[in-house]
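Residue numbers (the numbering used here): 20 to 452.
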């Protein structure tokens, strides 16, 4: 099978690594990719937001399957164009991708499907938003209706800070919307599911850490770390989410004539009143993909192809590795407000040489990286690397991940020191909502 992966971040590096280990994959391409994906997949230059350009590349390469990694190309209609050319594509249509592309659309789908989520108001003016904020009271949750690369959510007890985010969103040229909703307490869980628009196949749950600082301090980011599995999660959680969230959502989208075929990601809060959906994404989460995919023993390519061709019902149950995975994100100086590029990165190879006496390994997934004129690896984005430890239990996996982090250096590097710490201490952190 010849496969083209679209995207150039840490999620796409994780997808490419998983596909490169699948014996059924005879050729693997990634566009535009990054220095990490180039180690396992042939790189190509393409505008990932141009459906015509992506389709032309897929035709030129003669691939059997296109896997669209990020959300923006999906919302731009890349999957539609690829399918129109007769090529199987893993990723929802432009219409179905609005489940992530618009928080308001997502809320409407959940209401129609009876999916449990937070109460909310959709606001287009500052006046509407002020009334909504006062109706819920603190803690305030304000979500940009549009795509915001994982940083469009503000959760704060400061009403002025909440209104500042509202102003930023609604003052866009052409107008913008925000979704203001009730705060959801309780631990947060990320659950991926692969679907062909009818059959839904859940993956192993993970937990991610959105805020920049230890103890969930500071602003939201695209994700500063993750771990899996969740030994503390309630028994039957996956079955419950399948029955009450994932299958009803897929069924509702099919009923609307916009079937969702691809990766459906449910961000969940386990509240005192039961499981509630925080958000949906239309692609693998980042950095959760960097801990879930390394634990998947079932070859990935066939699963994605079945989802893309409507034959997921034929898929055998997924098989998972024993043990755990922990990933710690190394971010650039100034992130998330800004990011600095061009700082030389050292120690990636040394980190990946680490192993535990009882078994285990370190994989460094590259996200915001590039090569400079001297062919040195340098920073080229906010989240630069995801250092993942895989071992027979969570404690050893975490130790390996942080050992890998200590081997790597670049000016201004920042990371959290508490990824998975609460789980090991017998507790879990509060949800980011």
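For every residue, glycine included, the Cβ atom is placed at its ideal position computed from N, Cα and C. Since this is a predicted model, take the numbers as computed values, not measurements.
With respect to residue 85, residue 108 sits close: the two C-beta atoms are nearer than 8 angstroms.
Around the beta-carbon of residue 43, fewer than 16 other beta-carbon atoms lie within 10 Å, marking it exposed. Taking C-beta atoms as the reference points, residue 144 and residue 158 fail to come closer than 8 angstroms. With a 10 Å radius around the Cβ and a threshold of 16 neighbouring Cβ atoms, residue 425 comes out exposed.
Excluding residues up to 5 positions away in sequence, 117 and 118 lie with their Cβ nearer than 7 angstroms to the Cβ of residue 124 in the same chain. Annotation for residue 184: 161 and 173 place their beta carbon closer than 6 angstroms to its own, counting only its chain and skipping 5 residues before and after.
For residue 384, the enclosing beta strand (DSSP E) covers residues 379–385. Contact holds between the region 148–157 and the region 193–205, because three or more Cβ pairs, one in each stretch, are under 8 angstroms apart. It is roughly 8 angstroms from the alpha-carbon of residue 89 to the alpha-carbon of residue 303. Under the three-state reduction of DSSP, residue 91 is assigned to helix. By the neighbour-count definition (other C-beta atoms within 10 Å, threshold 16), residue 394 is an exposed residue. Assigned with DSSP and collapsed to three states, residue 34 falls in helix. Taking all protein chains in view, the Cβ of residue 121 is crowded by 16 or more other Cβ atoms within 10 Å, so the residue is classified as buried.
Boundaries cannot be given for residue 341, as no beta strand (DSSP E) includes it and DSSP labels it neither H nor E. When secondary structure is reduced to three states using DSSP, residue 64 falls in the coil class, being assigned neither helix nor strand. Beta-carbon to beta-carbon, residue 362 and residue 397 are separated by about 6 angstroms, close enough to satisfy the 8 angstroms threshold.
Taking C-alpha positions only, residue 428 is separated from residue 434 by approximately 11 angstroms. In the DSSP assignment, residue 434 falls outside any alpha helix (DSSP H) and carries neither an H nor an E. DSSP, reduced to helix, strand and coil, places residue 134 outside both helices and strands of the structure shown, so it counts as coil.
Here DSSP, grouped into helix, strand and coil, assigns residue 83 to coil. By the Cβ rule, the region 268–287 counts as touching the region 203–216, because three or more pairs are nearer than 8 angstroms.
With respect to the 8 angstroms criterion, residue 432 and residue 373 are not classified as neighbours on the basis of their beta carbons.
About 12 angstroms separates the CB atoms of residue 423 and residue 344; that is not less than 8 angstroms, and the two are not in contact. With fewer than 16 other CB atoms across the displayed protein chains lying within 10 angstroms of its CB, residue 64 is exposed. Within the region 197–264, the complete alpha helix (DSSP H) runs of at least 4 residues fall at 256–260. DSSP places residue 354 outside both helix and strand once states are collapsed to three, so it counts as coil. Under the three-pair Cβ rule at 8 angstroms, the region 309–318 does not count as touching the region 132–140. Of the residues assessed, residue 24 falls on the buried side of the cut-off, its CB having 16 or more other CB atoms within 10 angstroms. Scanning its chain for C-beta atoms nearer than 6 angstroms, with the 5 sequence neighbours on each side dropped, one finds around residue 112 the residues 98 and 99, in chain order.
Residue 417 and residue 190 have their C-alpha atoms spaced approximately 43 angstroms apart. For residue 319, the closest of 370, 33, 27 and 357 by C-alpha to C-alpha distance is 33. Closest option to residue 20, judged by alpha-carbon separation, among 27, 30, 40 and 29: 40.
Remark: C-beta atoms of residue 181 and residue 346 do not approach each other more closely than 8 angstroms. In the DSSP annotation of this structure, the continuous segment of the beta strand (DSSP E) that includes residue 287 starts and ends at 281–290.
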